[in-house]
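Using our numbering, the letters of the sequence shown correspond one by one to residues -18 to 380.
Okay, so here's the structure we're looking at.
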Amino acid sequence: MPTIDGARLLGDLNRLRDFGRYETGVHRPTYSPIDMESRHWIAGRMAEAGLEPEIDGIGNILGRSPAPGPKLLVGSHSESQNHAGWLDGALGVMFGLELARVLPGQIDVAAWADEEGHYGVFLGSRSAIGDVTDAEIDACRNATQGKPLRTALAEAGLADRPRLRVDPARYRGYLEAHIEQGDELEALALKIGIVTSIVGIWTFRVTFTGVQNHAGTTRMAIRKDAGVALVKLCTAIEQRMPEVAGPRSVWTIGRITLSPGAQSIIPGGAEMLVQMRDADPAVLARMRTALHALVAEANAGPCPATIEQIFETTPKLMAPPFRAALGRSAERHAPRLFQHMPSGAGHDAQILAELMPAAMLFVPSIGGISHHIAEDTAPDDIVLGCQVMADAAADILMG
């Protein structure tokens, strides 16, 4: 079985952390100058590891082994959320690089672009499986700045590059490592999580239409306040969802917008984004039905409401043989310190699972913190996780 170099792995992770370092985290949004600088550095490290790297027209980096024979594809994403954590995504890319060194000729490494959704939904990995059209690229805008994706690609020097496609015939499958982004492993004093499934994520936009008017002269009895109607629906969601949700279901009202949003004007419009997550499509369907029913009930009030679904990913089961290989490796290196568990976050692995067998490994997040500058994982846990993945990769390749 391969033996990783823990000091080399941690050195690579900390060097990548320098690109966009922000307090104790990083700020490395997709296609920004510092993001592109980091992508070229990653490509250079792939070349030093004996791979042949390519940065494609959507920003993906794929380091291919020139050796013959079947391969495993290992990777994650390298950009960050705005002013957020240093390990989210980066950990999985550096695990892949280390595996390529200790399993020479057998590992290809990928750093997918924009998993964090600055411009789109899993843009890089979806592009690599042929699921992103030119029309979608034309329509994408930066979520915080509104910059067109075409403009960002041109500024990043990617506009004239072709977009790569993953050939599933080349691979036994795909492996991805990630920080847990929750506190379950830490709370149970465990070191390794083997992902059983990745949740589906369904997002809805609910819009209320009221009557905008003067906040001081409009009598309460005749008001049609869209903001009040929205808040009532928020309360109803919190009361109803536990009745239809599963044991691991979550739901979030992630954004509320009032129009015009002035202190002396009754809101004439209100909008909310409601997201629900679960690994069971039947549970998600129940939650969606409940949400539609609540919106219908809200329409009995003074402010009409509409609902539309604006985002949907399909829950994905991870490949049982790969999970078993990860389990055997975890039993060797961390006996009784691992568990099988679902992922409550979305990952590129669920996209690659459309083409090939895929699996994921989690390492603990200190305090369960992610998407924040305090995000961290103990160095020993990082090294252990990589060794577990390396043994599992060797097991899969020999199978």
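Built from N, CA and C at the ideal position, the CB exists for glycine as well.
So is Q368 buried or exposed if we call it buried at 16+ other beta carbons inside 10 Å? Taking the sequence shown and counting its residues from 1, one reaches residue 368 at position 387. Burial call: buried.
Length at least 4, wholly inside the stretch 195 to 230: the alpha helix (DSSP H) runs in chain order: 207 to 225
Do you know offhand how far R9's Cα is from P283's? The count along the sequence shown starts at 1 and reaches residue 9 at position 28. The count along the sequence shown starts at 1 and reaches residue 283 at position 302. If I take the Cα positions, the gap works out to 45 Å.
Contact the stretch 59 to 70 vs the stretch 25 to 37: 3+ CB pairs below 8 Å: no
Buried or exposed (CB count within 10 angstroms, at least 16 for buried), T198: Within the sequence shown, the letter at position 217 stands for residue 198. It is exposed - the Cβ of T198 has fewer than 16 other Cβ atoms within 10 Å.
As assigned by DSSP and simplified to three states, the class of G325: Working through the sequence shown from its first residue, we reach residue 325 at position 344. Three-state result, G325: coil.
On the premise that I354 lies in contact with A306, defined as a C-beta separation below 8 Å, what is that separation, rounded to the nearest angstrom? The sequence position of residue 306 within the sequence shown is 325, counting from 1. The sequence position of residue 354 within the sequence shown is 373, counting from 1. About 35 Å; that fails the 8 Å criterion.
What residue does the alpha helix (DSSP H) around T11 start on, and which one ends it? Residue numbering aside, residue 11 sits at position 30 when the sequence shown is read from its first letter. Neither: T11 is in no alpha helix (DSSP H) and is coded neither H nor E.
Distance, F303 Cα to M75 Cα: As a first step, residue 75 must be located in the sequence shown, where it is residue number 94. As a first step, residue 303 must be located in the sequence shown, where it is residue number 322. Between M75 and F303, the C-alpha separation is close to 20 Å.
Is it buried or exposed, F0, if we count other Cβ atoms within 10 angstroms and call 16 or more buried? Counted from its first residue, the sequence shown places residue 0 at position 19. Label assigned to F0: buried.
In this structure, does DSSP put R304 in helix, strand or coil? What you label residue 304 is simply residue 323 of the sequence shown in a count that begins at 1. Looking at R304 - three-state DSSP - the assignment turns out to be helix.
DSSP puts D89 in a beta bridge; with which residues? By one-based count along the sequence shown, residue 89 stands at place 108. Note: D89 sits in a beta bridge opposite L54.
Coil, strand or helix - G101 by DSSP: Position 120 of the sequence shown, counted from the first residue, corresponds to residue 101. Three-state DSSP puts G101 in coil, outside helix and strand.
Taking one C-beta from the stretch 80 to 96 and one from the stretch 5 to 25 each time, how about it: are there three or more such pairs within less than 8 Å? yes
Compare the beta carbon distance of K172 and L365 with 8 Å and say whether it is the shorter of the two. Looking up residue 172 in the sequence shown gives position 191. Looking up residue 365 in the sequence shown gives position 384. Contact flag set, yes.
Looking only at its chain, what residues have a beta carbon closer than 6 Å to the beta carbon of I182, apart from the 5 residues adjacent to it on each side? The residue labelled residue 182 in the question sits at position 201 within the sequence shown. So the list reads R258, T294, G327, once near-sequence residues are dropped.
Can you tell me whether DSSP reads S240 as helix, strand or coil? Along the sequence shown, read from residue 1 onward, the residue named residue 240 stands at position 259. Strand.
From P338 to P296, what distance separates their C-alpha atoms? Counted from its first residue, the sequence shown places residue 338 at position 357. Counted from its first residue, the sequence shown places residue 296 at position 315. Approximately 14 Å, taken between the alpha carbons.
My output table needs one value for R20: the three-state DSSP class, helix, strand or coil. Translated into the one-based positions of the sequence shown, residue 20 becomes position 39. In the structure shown, R20 sits in a helix (DSSP, three-state: H, G or I).
Would you give the residue range spanned by the alpha helix (DSSP H) that I377 belongs to? Residue 377 sits at position 396 when you count from the first residue of the sequence shown. Here the alpha helix (DSSP H) through I377 covers 360 to 379.
Starting from R(-11) and walking both ways along the alpha helix (DSSP H), at which residues does that stretch end? Position 8 of the sequence shown holds residue -11. Segment -13 to -2, the alpha helix (DSSP H) holding R(-11).
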